[in-house]
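A.B. asks: Structure in structure tokens, see below.
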Amino acid sequence: MQLVIWGLIVSQALLLVFSPLLKYTIPFNWYYRHIYHPLFKDVKRLTWKYWLVPIFYASIYGYCSVLFYVSVLPEIPKQLLDIETYFVVPALLFIPIASGLQCMLVKPASTKSSTTHEAYDYLLFFPDTMCRTCKLQKTARSKHCAICDQCTLVADHHCIWINNCIGKGNYQYFYIFLLSNSVLLSYASVRLSSILLKVYVHELLILDILVGAFAIIVTVFTYMQYALVRDGLTTNEEDKWLLVQDMMRAGKLVVTSEGNYFYRIQDTESQEYVFYSPNLYDHRVYSVGNYRTVKDHTELANIYDKGNFRANLADRIKS
């Protein structure tokens, strides 16, 4: 039986790897059309697939919770204080579930539902740019999500763990969700490890290994998200800034005396410079006269950074 299961796993792995490369070859073409493409390429088909990761998270969360109450707690009743058993542990288990449900159910604001928008910085975001899918103007700091079918305001990313976009309107729940998971897993890892030094229980060891591994992953991701808040950035904007800084380091980012930014690209045939807007939706060639090369990131201002973590967080979660 195990041999059959492993055979299925290996065969599916091979098909997933080779079907895109051999999508015109029998029998890989059938697999590509009916399985690979609907699952990984077509966002409109098999929409149930987006709930697989949230179900996986809920399953792991439930398994660890049941393992603790059924197999671990009865073996270590004297190792926990009453306040831990009856208040701390239940509270730490409840908050991630409550905030996760809020993240899942509360949809972020979009260009379809809101008329307010952020100021354009004319480096990452530009006015008079239309979303090709929504057919609406792309507001500053917005990003189109094919899964949610909307341009999310102050968009960060589409979170697969809750199957929802993170943006203006649900940031507060997302940050609580991350922080509460980090606190729960870190607390559980530390307390279980300390108890394991005194009392050996096999189930306790399994639970400690699980929560310890998850604690490291979740805490690192939480730090990365809070670091973006500190810098006044979203994940979407961080990616855009990386492109701008790459162009700057290559000596291709220039600014005119009027304060307009352009990418300076050398034509391979004429060896002359041509200038393009940083607006990736604008493919026109510009004629630029009085300009200088931007050489340091301190010359670039992030107008969305309020100066410190607290101010950025307050701005991020305001309604």
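If you count by the UniProt record's numbering, then the sequence shown holds residues 1 to 319, one letter each, in order. Glycine included, each C-beta is placed from N, C-alpha and C at the ideal position.
Does L39 pass the burial test, meaning 16 or more other C-beta atoms within 10 Å, or should it be called exposed?
C.D. replies: Under this definition L39 is an exposed residue.
A.B. asks: So if DSSP puts Q150 in a beta bridge, which residue, or which two residues, is it bridged to?
C.D. replies: C145, per the DSSP bridge assignment.
A.B. asks: Considering only C-alpha positions, which residue in the set Y31, V244 and R230 is nearest to F309?
C.D. replies: Considering only alpha carbons, the answer is R230.
A.B. asks: From the DSSP output, read off the bridge partner residues of T256.
C.D. replies: Answer is Y291, bridged to T256.
A.B. asks: I'd like to know whether the C-beta atoms of V218 and L185 end up nearer to each other than 8 Å.
C.D. replies: Contact flag set, yes.
A.B. asks: Tell whether a beta-carbon distance below 8 Å holds between T222 and S182.
C.D. replies: A contact, by the Cβ cut-off of 8 Å.
A.B. asks: Please classify R264: does DSSP put it in a helix, a strand, or coil?
C.D. replies: Note: R264 maps to strand in three-state DSSP.
A.B. asks: I76 and S180: beta carbons closer than 8 Å?
C.D. replies: Against a cut-off of 8 Å, the Cβ pair of S180 and I76 comes out as no contact.
A.B. asks: Pop quiz: L153 and S142 are said to be a contact at Cβ under 8 Å. What is the actual Cβ separation, rounded to whole angstroms?
C.D. replies: That belief holds up - the Cβ atoms of L153 and S142 are roughly 5 Å apart, short of 8 Å.
A.B. asks: Using a Cβ distance threshold of 8 Å, determine whether the segment 224-239 contacts the segment 207-215, with at least three qualifying pairs required.
C.D. replies: The segment 224-239 vs the segment 207-215: no contact.
A.B. asks: When the Cα of C103 is compared with those of W51, L46, F174 and H117, which residue comes out closest?
C.D. replies: Nearest option by C-alpha distance: F174.
A.B. asks: Quick one: what does DSSP say V106 is sitting in, helix, strand or coil?
C.D. replies: Note: V106 maps to coil in three-state DSSP.
A.B. asks: For the structure I just gave you, are there three or more beta carbon pairs, one from the segment 281-295 and one from the segment 310-318, closer than 8 Å?
C.D. replies: No, because fewer than three Cβ pairs between the segment 281-295 and the segment 310-318 fall closer than 8 Å, the two stretches do not touch.
A.B. asks: Kindly provide the ranges of any alpha helix (DSSP H) runs that are 4 or more residues long and lie completely inside the UniProt domain "Palmitoyltransferase DHHC" (128-240), ordered along the chain.
C.D. replies: Segments of the alpha helix (DSSP H) lying fully in the UniProt domain "Palmitoyltransferase DHHC" (128-240): 171-196 and 202-230.
A.B. asks: Please report the Cβ distance between V70 and G169, rounded to the nearest whole angstrom; I am assuming they are in contact, meaning their Cβ atoms lie under 8 Å.
C.D. replies: That belief does not hold up - the Cβ atoms of V70 and G169 are roughly 38 Å apart, past 8 Å.
A.B. asks: Report buried or exposed for K41, applying the criterion of at least 16 other Cβ atoms within 10 angstroms of its Cβ.
C.D. replies: Classification of K41: exposed, given that the 10 Å Cβ count is below 16.
A.B. asks: Decide if S194 is buried, meaning its Cβ has at least 16 other Cβ atoms within 10 Å, or exposed.
C.D. replies: Label assigned to S194: exposed.
A.B. asks: Use the C-beta contact count for M248: other C-beta atoms within 10 angstroms, 16 or more gives buried, fewer gives exposed.
C.D. replies: Its Cβ being crowded by 16 or more others within 10 Å, M248 is buried.
A.B. asks: Taking L178 as the reference, which of K44, P127, Q225 and T47 has the closest Cα?
C.D. replies: That would be Q225, whose Cα lies nearest to the Cα of L178.
A.B. asks: Is I303 closer than 8 Å to A119 when the C-beta atoms are compared?
C.D. replies: Against a cut-off of 8 Å, the Cβ pair of I303 and A119 comes out as a contact.
A.B. asks: Quick check on DSSP: helix, strand or coil for F125?
C.D. replies: In this structure, F125 counts as coil in the three-state DSSP scheme.
A.B. asks: What are the partner residues of F94, as DSSP defines its beta bridges?
C.D. replies: DSSP output for F94 lists no bridge partner at all.
A.B. asks: Report buried or exposed for Q271, applying the criterion of at least 16 other Cβ atoms within 10 angstroms of its Cβ.
C.D. replies: Classification for Q271: exposed.
A.B. asks: CA-CA distance, residue 338 and L205?
C.D. replies: Absent from the model: residue 338. The displayed extent of the chain is 1 to 319, so no value can be given.
A.B. asks: Less than 8 Å between the beta carbons of P54 and I162, yes or no?
C.D. replies: Yes; because the gap between Cβ atoms is below 8 Å, this pair is in contact.
A.B. asks: List the DSSP bridge partners of F275.
C.D. replies: Partner(s): R264 and Y286.
A.B. asks: In or out: P90 buried (at least 16 other Cβ within 10 Å) or exposed?
C.D. replies: With fewer than 16 other Cβ atoms within 10 Å, it is exposed.
A.B. asks: Leaving out five residues on either side along the sequence, give the residues of the same chain with a beta carbon under 6 Å from the beta carbon of I176.
C.D. replies: Same-chain partners within the cutoff: S99.
A.B. asks: Between V201, H158, T115 and S59, which has its C-alpha nearest A140's C-alpha?
C.D. replies: Of the listed residues, the one whose Cα sits closest to A140 is T115.
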